[in-house]
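Colleague: Mature numbering (1 follows the signal peptide of the UniProt record, and there is no 0) puts the sequence shown at residues -19 to -1, 1 to 118. Let me give you the structure first, and then I'll get to my questions.
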Amino acid sequence: MKFIYFFIVALILVAYVESMVFVKILHSDKYPGQCYPIHVRVGKKKQYDVFALQPGEEVSDPNTCGVQVCMNAEGLTHVYYCPRTLPSSGCQDDKAMDLLLKFPECCWTCATSRDCDEDQSFPSYPYPPDIHNDQPE
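Right under this line is the structure:
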């Protein structure tokens, strides 16, 4: 009965803060006592890298506002992330999170952005650049 009560309270809390939490069991005989495989998208191509974590360790996903935490040696893993900024953040675009910050700070911090015209996005620089020799000889 306590579990059901705790589960209902947890669901209400998750709905209130607008973040998502889910639990996975990631256990492999190749990595006893660790959470494996934990997949995190890295790089510009957002390809998955695989991590094995010790209990208590965590890894952040640089492409989302989230973190995966290894809870115990049986592979219990909690995954926390925000799909959008919280209403209290005051962001105009609720998906403009600052992903340079760690979870949970990225949930309520807006990334600054603006619309740029073509000249600002693709400035024309002289090539090769003019090198002025202002050094005294």
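Glycine is no exception: its CB is placed at the ideal position from the N, C-alpha and C atoms.
Considering only residues of the same chain and omitting the five flanking positions on each side of P110, which have a CB-CB separation below 7 Å?
Modeller: Residue placement at P110 cannot be trusted, given a pLDDT of 49 that sits under 50; what the coordinates show is reported in the next sentence. No residues qualify anywhere along the chain.
Colleague: Can you tell me the Cα-Cα spacing of K83 and L57, whole angstroms?
Modeller: Their Cα atoms are separated by approximately 22 Å.
Colleague: Could you tell me the distance, in whole angstroms, from the CA atom of L81 to the CA atom of Q28?
Modeller: C-alpha separation (whole angstroms): 18 Å.
Colleague: Among the candidates C87, K11, Q49 and M78, whose CA atom is the shortest distance from the CA of G37?
Modeller: Residue Q49 is the option with its Cα nearest to G37.
Colleague: Pop quiz: R22 and D42 are said to be a contact at Cβ under 8 Å. What is the actual Cβ separation, rounded to whole angstroms?
Modeller: So it is a contact: roughly 6 Å between Cβ atoms.
Colleague: Could you check where the beta strand (DSSP E) with A54 kicks off and where it finishes?
Modeller: Neither: A54 is in no beta strand (DSSP E) and is coded neither H nor E.
Colleague: Please state the DSSP three-state secondary structure of C72.
Modeller: Looking at C72 - three-state DSSP - the assignment turns out to be coil, as it is neither helix nor strand.
Colleague: What is the DSSP secondary structure of E86, counted as helix, strand or coil?
Modeller: Note: E86 maps to helix in three-state DSSP.
Colleague: If you draw a straight line from the alpha carbon of Q1 to that of C63, how long is it in whole angstroms?
Modeller: Note on identity: in this sequence residue 1 is Met, with Gln being the wrong assignment. Cα-Cα distance, rounded: 6 Å.
Colleague: Any idea which residues DSSP pairs S9 with across the strands?
Modeller: The partner list for S9 (beta bridge, DSSP) is empty, contrary to what the question assumes.
Colleague: Considering just the uninterrupted stretch of the beta strand (DSSP E) at A33, what are its terminal residues?
Modeller: Segment Q28 to L34, the beta strand (DSSP E) holding A33.
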